[in-house]
Amino acid sequence: MIKKIADGTFLVILFLALWSVPIFWLARESETFKSTTEARYLNTFSSVAITWQDLKAAAKRLLKPGYTPTGIQFYDRFLERSYQKAFEAACTDQFPLRFELLLVDSWVKRSWIQLAYAPLNDPIIPASTNSTVMELRNTGIFMWQPSSFGKELTAKIDQRIANFNQIIQQNPTVNFFVLYVEESATAKYNPASPYFPLADQGQAIQYFEENKPKDLILAKWTMNSMDEYKQYFFKTDHHWNARGSWRGYEQIYHMLQSRYPQISPMLKPDAFLPVPGVKFCGSFARTALAPCQPEAFEYVQVQLPPYYTYVNGFEQTVGKQAEFLAGDLPSEPYANIYGDFWGEDVGLIWYHYDNGAERNLLLISDSFSNSIDALIASHYRDTFVIDLRMYKDFSLSQIIAQYHIDDVLVLGSQIVLFSKEWTITP
Amino acid sequence: MAFSSLTFLFIFLPLFLACYFVLPFRWWKNGVLLVASLIFYAWAEPVYVFWLIGITLLNWAIALLVSQLMRRGQSAAAKWVATAAVIGNLLVLLSFKYAGFIAESLNSGFGLALPIPASSFPLGLSFFTFSIISFQIDVYQESTTAPRNPLIMLLHVAMFPKLLQGPITRYGQLEAELAARKPNLEDMAAGARRFIIGLAKKVILADTLAKAANKIFALWMPTLGMDLAWLGIFTYSLQIYFDFSGYTDMAIGLGRILGFHLPENFNYPYISRSISDFWRRWHMTLTAWFRIYIFLPLEFARKRQKFLRQQTNLIIVFLLTGLWHGASWNYVLWGGYFGLLLALESGSWGKRLKKLPPFLQHSYTILLLLVGWVFFRLENTSQWGSFFSALLGGHGISGPSNMRSLNIVWVIPVIFLALLGSTPWVKIISQKLGTRSWAPIAGNFATLVLFLLSIAFVLSGGYQSFLYFQF
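Those sequence lines, one after another, are chains B and U. Its first residue numbered 56, the first sequence is counted upward by one per residue in our numbering. Its first residue numbered 79, the second sequence is counted upward by one per residue in our numbering.
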């Protein structure tokens, strides 16, 4: 009798669970929502909605082989199965309690990791099963798994050196600068390095420095210990923090000064202040969906001359600093605070200062420069910040001619400096 | 749509179950099941669904003709028609799935320049073609009768629980339930539990093991150390078991919810003590099909040949079994490998094997199975030499640092969990606990938690296609 009741209850609960989801989908308004956690617009059912016209057109296509309406139809999408994929994507993104269930999944997988590493002495273990993010045990500090140094990487570095040689030779009137930002993946102090025999530990940048073009001015932003890492990088994010980025600005300033003697005086910070109310769980915690001890998110309070910004050709402010400081904060867990505050990665940002400077700068960088673009730009009349991942059909010579570029600064980690995707098309 | 997709679980299934159980009459239930099955198939194969309907109804009409001929005493004509139907179905299978393979093999073997047709065939082709062929043969042999209603035949072939990956069923096995079935509470609850366990096997175990196995097999072979090579093939052997047996559990579970008792396909194959034992436990419906329709007829046809008759028939059958799995030489050689082992075990070696301690029998079996999975996993036969060299230590040891670099250390506890799951221990323990009064409640609660966990896993990475979809 107990078994019958138990089985009956089980089936009822299961049936209700199966039905609760489509009812939730029907009851919920389908709205386009950009997840700041995932930095993408979530798929919705509105993108896979079928109208009566779609069904009529499909029926016509089936019954009249010669009937070919214009545009991509539901019929075509269904035949090539892209509709089905989009439907499943909408089901996934709109699933009730999706984020909570993702945390459950993450918890189970992290338990496997903890169990596997329990008998081992590793001070740092993977933060998830499907990324290269690692976590220092019991500290809440995340960092990259060490990247490897070997023949494959040196071949890539050789290609990038050849690329730099080419662009320097083709633009003899332009100064080329590189600020290499050392991330944990290539750092000597990474506690995981002893367990990764091929760990980079600074070998790649050393190879680059030994073989770079002599007219390329290189500065290296490096750290020597875990203490420095904790001081200059976020615990839960792969970016440098306000203090680290300020240190980077200072290094850049001295580098630029070597070829730009009339550069305006270096800026001085008024204060390093936390953005009120922000509990920052950054990209590492977000990637691993790991439990996060939120940290403060600081910014540098500094006096800048007035300037204008144009993002992909349109005048607009970069980032949401004003909103954040006014208390308008994202509510999503693991929200991309760094990207929201400093601005997302876009193809082209143009900074214009009426500061009397006569030089223009081209800054090629990824998100690492977002926090200091305005600082560097304050020493130039016009600064063009380009993210090669987002900029279509980049041509250095065209940019130099179009915008009258005097100095080119490449800023970033080993990815910006050594990977093929960041090759600067002459 | 795959059983582990959210579209299936939360749109198709609840809608279908509601319609199915609301309708009172068996024929309406069959109608709903048929329509739902065709929608299920059309979702994945919008064009080939019409082909499936056409080929099934054509075979039904032929089977009806064969039945009539047999009733009229025209057995010779019936034999010709049935033979033509079987050959026709095989030719269809050949042209869809093997034309490219045949052309490539002839080109490379004989220096020809035949055009190689693009490989594109309906999902589940091998499964339902075998179902149809067995139907034709059974009708001719009068071990079953063709249904008067063609939709019953279509329902048998296209029934969505078993359409894409089996179990391969003979019409006679489901004939009675197609005509009359009444799922009771116990069937439905047991079916639902079985489905959820299958879902968990697939998305929690198989897909997780796949992540580690794929990373190892993606390495450049000459750099693969002995430890990683063994870990890779061991992980893969568990992956493929849980992937396929998980799907089968879902199919059988769904069938049971609807009142069908589909045949079992797996019986803890990794506790086998010989290769013969393994093939009595692995993909049982496929081996049953080959035994009934290929092996036994071959034995009968060649009964005058005494010397090595059974052995050569085993090799032939398993070469075909390998070919069934894929249009590629690695599958054929995989099948031939097992055929050879079975041939050896059918003789004096098998008798000597049974005298060994169980531990040695089991170790022998597992070792040979792992070797076999190498052939199955590596489609590119040119990699076999390098991989076996790795297994024998020819490339040295990778060391634990490589596991760290690949981020697969975490797979070790999953492997232990999978090993436990691949033995009858879980069943034995749950049966022992099942006698307690709280067992039904606890068991059902645990199953619901497992379902929720499985959904969490589905959400985390989309879903992977079932391995056997390509067959």
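Every residue, glycine too, gets a C-beta built ideally from N, C-alpha and C. It should be emphasised that the depicted structure is a prediction, and the values quoted were computed from it without experimental measurement.
Which residues mark the beginning and the end of the beta strand (DSSP E) in which residue i is found?
| i | result |
| --- | --- |
| W405/B | 403-408 |
| E353/B | 353-356 |
| A432/B | Note, A432/B: premise wrong, no beta strand (DSSP E); alpha helix (DSSP H) at 428-432. |
| P491/U | Per DSSP, P491/U belongs to no beta strand (DSSP E); it is in the alpha helix (DSSP H), 489-499. |
| G467/B | 462-467 |
Hey, does residue i have any beta-carbon neighbour from chain U nearer than 7 Å?
| i | result |
| --- | --- |
| W74/B | yes |
| W167/B | yes |
| T147/B | yes |
| R83/B | no |
| P77/B | yes |
| E283/B | no |
| H57/B | According to the sequence as given, residue 57/B is Ile; it is not His. Output row for I57/B: interface = yes. |
| P181/B | yes |
| L117/B | no |
| F133/B | yes |
Can you pull the chain B neighbours of residue i, defined as C-beta to C-beta under 8 Å?
| i | result |
| --- | --- |
| K289/U | T184, N185 |
| L263/U | K59, D62, G63, L66 |
Can you grab the Cα-Cα spacing for the pair residue i / residue j, in whole Å?
| i | j | result |
| --- | --- | --- |
| M189/B | H293/B | 11 Å |
| R380/U | A366/U | 20 Å |
| L252/U | L340/U | 8 Å |
| V504/U | T87/B | 46 Å |
| T64/B | A524/U | 13 Å |
| L130/U | I230/U | 14 Å |
| E377/U | G417/U | 15 Å |
| Y315/B | N415/B | 11 Å |
| K206/B | P239/U | 51 Å |
| Y393/B | W402/U | 54 Å |
| G450/U | Y409/U | 10 Å |
| L84/U | W80/B | 12 Å |
| Y408/B | T187/B | 40 Å |
Buried or exposed for residue i, going by 16 or more other Cβ atoms inside 10 Å?
| i | result |
| --- | --- |
| V489/U | buried |
| E476/B | exposed |
| S42/B | Outside the modelled stretch of chain B, which goes from 56 to 481, sits residue 42/B, for which no answer is possible. |
| S101/B | exposed |
| G276/U | buried |
| S209/U | buried |
| I507/U | exposed |
| T106/B | exposed |
| T443/U | buried |
| Q371/B | exposed |
Using a Cβ cut-off of 7 Å (strictly closer), state whether residue i contacts chain B.
| i | result |
| --- | --- |
| A534/U | yes |
| R482/U | yes |
| Q542/U | Model confidence at Q542/U stands at a pLDDT of 32, short of 50, so the residue's coordinates are unreliable; what they give is reported in the following sentence. Cβ-Cβ to chain B under 7 Å: no for Q542/U. |
| F547/U | Its pLDDT being 42, under 50, F547/U is placed unreliably by the model, and nothing is read from it. |
| S82/U | no |
| L537/U | yes |
| A267/U | yes |
| N522/U | yes |
| F90/U | no |
| N227/U | no |
| W115/U | Residue identity check: residue 115/U is Ser in the sequence provided, not Trp. No - not a single Cβ of chain B is within 7 Å of the one on S115/U. |
| A270/U | yes |
Output, in chain order, the set of chain U residues within a Cβ distance shorter than 7 Å of residue i.
| i | result |
| --- | --- |
| A340/B | Result: empty, since nearest Cβ-Cβ is about 16 Å, beyond 7 Å. |
| I68/B | L526 |
| Y250/B | S479, R482 |
| E143/B | S83, L84, T85 |
For the alpha helix (DSSP H) containing residue i, name the first residue and the last one.
| i | result |
| --- | --- |
| D148/B | 137-148 |
| Y119/U | 104-122 |
| N279/B | From DSSP, N279/B is part of no alpha helix (DSSP H); its letter is neither H nor E. |
| E476/B | Taken as a continuous stretch (DSSP letters only), E476/B belongs to no alpha helix (DSSP H), as it is neither H nor E. |
Hey, is residue i close to the ligand ADP, as in C-beta under 6 Å from one of its heavy atoms?
| i | result |
| --- | --- |
| F88/U | Questions concerning the ligand ADP fall outside what the structure shown contains, since it holds no ligand whatsoever. |
Going along chain U in order, which residues have a C-beta closer than 9 Å to the C-beta of residue i?
| i | result |
| --- | --- |
| R153/B | L537 |
Give me the chain C residues within the contact set of residue i, using Cβ-Cβ distance strictly less than 8 Å, ordered along the chain.
| i | result |
| --- | --- |
| W121/U | The question asks about chain C, but that chain is absent: this structure's protein chains are B and U. |
Can you pull the chain U residues whose beta carbon is under 8 Å from the beta carbon of residue i, in chain order?
| i | result |
| --- | --- |
| V159/B | L530, L531, A534 |
| L259/B | This sequence places Ala at residue 259/B; Leu is not what is there. By Cβ distance, chain U contributes nothing, its closest Cβ being about 16 Å from A259/B, past 8 Å. |
| A171/B | V487, W488, V489, I490, P491 |
Could you tell me which chain B residues have their CB closer than 9 Å to the CB of residue i, listed as they occur along the chain?
| i | result |
| --- | --- |
| S460/U | Neighbours of S460/U on chain B: none; closest Cβ ~22 Å, over 9 Å. |
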